[in-house]
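End of the sequence shown = 263 in UniProt numbering, gap-free, step of one. Note that CB positions come from ideal geometry on N, CA and C, so glycine has one too. Heads up: the structure comes next, in structure tokens.
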Amino acid sequence: MGLVSWLIINGDDSLANHAYRDKERQDLILASEALEENRDKSFYCPNPLCNSKLFVCAGDGSRKAYFRATKSAYKHIANCPYANSSVAFDDNKFNELNFSFENAMQNLLVKKNPKNSSGNSKKSSYGEYYNLTLSTIKQIYSICKRFPPNYSYGNEKIGRMILDDRTAYWYPKGVFGFKIIESCVKGRFYDSDKNEIYLVAPVANPNYHFILSISDINLYKKIRNMVFENKDKFIIVAGDWKASNLGYGYFETRIYSDRQITI
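Encoded structure:
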């Protein structure tokens, strides 16, 4: 069964198929495994900054299990990526076999939209599209956040697609090549003389620094304003990361369009 078949989007609470037994987020548990345990038992949100308590649920009595913060006293913190559905899409319309992370990233890192940004699609007699391919940064980020780092989607490990607090240990020497980063603002975050934006990641332990180099002045201003207005939120960036000449722990990418960034 492909990962996409597990996806359930419901209301304003994001549904993950994994959580943690321990506060240190070392003992991962899948929702399908938690179904075998006491339904009243709580688990920890995958976001290490969030103290919400998650409980296992089963969608419509089926085997599609998921975790959700069902208790009003233990809700997610503000701006937790597991608090709100970052992308609401019908998983039945997306074909995991069509997805190539490298191709998707290459399409994001161009100035103009690719001719077919949704992959091959067909239209039914009812006017609904299906057989689509994940293509936007929000769609790819959503997949990455819903599943554990060691799971695969489209033959690519989740941990190889994204740098966040769960996957930081995958990158002991740095972040190189096509990657999505879950970052935040720390201190001064821009230099208008260089047209650069500065971010740090992972969020809970920001020991890597990321430089967004934007040659288009209008695009730079747009992204700078976007980041300024959302300084308290996670900034998601798709880049082709290379080592910066600033030294260890500094990486940079070129930004060609605002499709590379989402909040």
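Inter-residue CB distance, residue i and residue j (contact presumed, cutoff 8 Å)
i: residue 56; j: residue 73; result: Rounded, the Cβ-Cβ distance is 18 Å, inconsistent with contact.
i: residue 192; j: residue 252; result: Not a contact, Cβ separation roughly 17 Å.
i: residue 224; j: residue 256; result: Between residue 256 and residue 224 the Cβ distance is about 16 Å, and since that is not below 8 Å, they are no contact.
i: residue 167; j: residue 149; result: 5 Å
i: residue 180; j: residue 237; result: 7 Å
i: residue 264; j: residue 17; result: Summary: the structure shown does not reach residue 264, with the chain confined to residues 1 through 263, and so no result is reported for it.
i: residue 44; j: residue 25; result: 6 Å
i: residue 285; j: residue 220; result: Because the chain in this structure spans residues 1 to 263, residue 285 falls outside the shown range and cannot be described.
Where residue i falls, given that 16 or more other Cβ within 10 Å makes a residue buried
i: residue 172; result: exposed
i: residue 19; result: buried
i: residue 154; result: buried
i: residue 145; result: buried
i: residue 188; result: exposed
i: residue 78; result: exposed
i: residue 239; result: buried
i: residue 29; result: buried
i: residue 182; result: buried
i: residue 246; result: exposed
i: residue 125; result: Only weak support exists for where residue 125 lies, its pLDDT of 40 falling under 50; the value from the coordinates is given anyway. By the 10 Å Cβ count, residue 125 comes out exposed.
i: residue 215; result: exposed
i: residue 208; result: buried
i: residue 41; result: exposed
i: residue 185; result: buried
i: residue 23; result: exposed
i: residue 94; result: buried
i: residue 177; result: exposed
i: residue 106; result: exposed
Where the beta strand (DSSP E) through residue i begins and ends
i: residue 236; result: 235-243
i: residue 212; result: 208-213
i: residue 66; result: 65-68
i: residue 178; result: 177-183
i: residue 29; result: 28-30
i: residue 20; result: 18-20
Where residue i sits in the DSSP three-state scheme
i: residue 53; result: strand
i: residue 43; result: strand
i: residue 200; result: strand
i: residue 272; result: With the chain represented from 1 up to 263, any question about residue 272 goes unanswered, as that position is not in the structure.
i: residue 189; result: coil
i: residue 254; result: strand
i: residue 111; result: coil
i: residue 246; result: coil
i: residue 97; result: helix
i: residue 74; result: helix
i: residue 151; result: coil
i: residue 83; result: coil
Span of the alpha helix (DSSP H), counted from its first residue to its last, around residue i
i: residue 145; result: 137-146
i: residue 160; result: 158-161
i: residue 219; result: 217-229
i: residue 102; result: 101-108
Three CB pairs or more closer than 8 Å across the segment 91-100 and the segment 140-158: yes
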